[in-house]
Amino acid sequence: MYNRLREHNRSLQQTQNLQTTEFQCRFMILNDVESDLVVPVEASLIRRYKPLWNMVVDGFGNHDPGSGRYNQAKSEWDVLHPGRIWAERLTGVEPNLNDIIVKIQSHLANLGLS
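For the sequence shown, the numbering used here gives the first residue as 6, with consecutive numbering after it.
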């Protein structure tokens, strides 16, 4: 978990329009047989809180596709938050920024947040 959080932190630090101080992390540690609950607990939290990065905006957890695979498109995350060095190498047709914003606004409206 520590390595995954560090990886997320590096992604946030590389963006041009986000600060890591704007984020918080909460987690719980499940040991032994309780670790079998990780998947259902995560799914329940996603259903309950409907976070943008799980419900609407794709790509925050993406990794560098590697040499010879840069013909892919940028993720919606990388269009919204440019700066990850490897994402700048991607040459595919990227999602339209305005379309992503409309999706976000719709999601927030459905949650009663806009």
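From the three backbone atoms N, C-alpha and C, an ideal C-beta is built for every residue, glycine too.
- One alpha carbon belongs to D41, the other to V61, and they sit about 27 angstroms apart.
- A92 counts as buried, since no fewer than 16 other beta carbons sit within 10 angstroms of its beta carbon.
- Ranking R11, E39, I34, G97 by CA distance to the CA of G73 puts G97 first.
- Counting C-beta pairs with one atom in each stretch, the region 73-86 and the region 16-24 have three or more that are closer than 8 angstroms, which means they touch.
- Rounded to whole angstroms, the gap between the alpha carbons of W58 and G117 is 18 angstroms.
- For Y54, the enclosing alpha helix (DSSP H) covers residues 43-54.
- Shown here, Q24 sits in coil according to DSSP, grouped into three states, outside any helix or strand.
- When the five nearest sequence neighbours on each side are left out, the beta carbons in the same chain lying within less than 8 angstroms of the beta carbon of G64 are those of K79, S80, E81, W82, D83, in order along the chain.
- Non-local beta-carbon contacts of N67 in its own chain, meaning distances under 6 angstroms to residues more than five positions away in sequence, involve S80 in chain order.
- For L17, the enclosing alpha helix (DSSP H) has its first and last residue at 7-19.
- Residue range 102-115 is occupied by the alpha helix (DSSP H) that includes D104.
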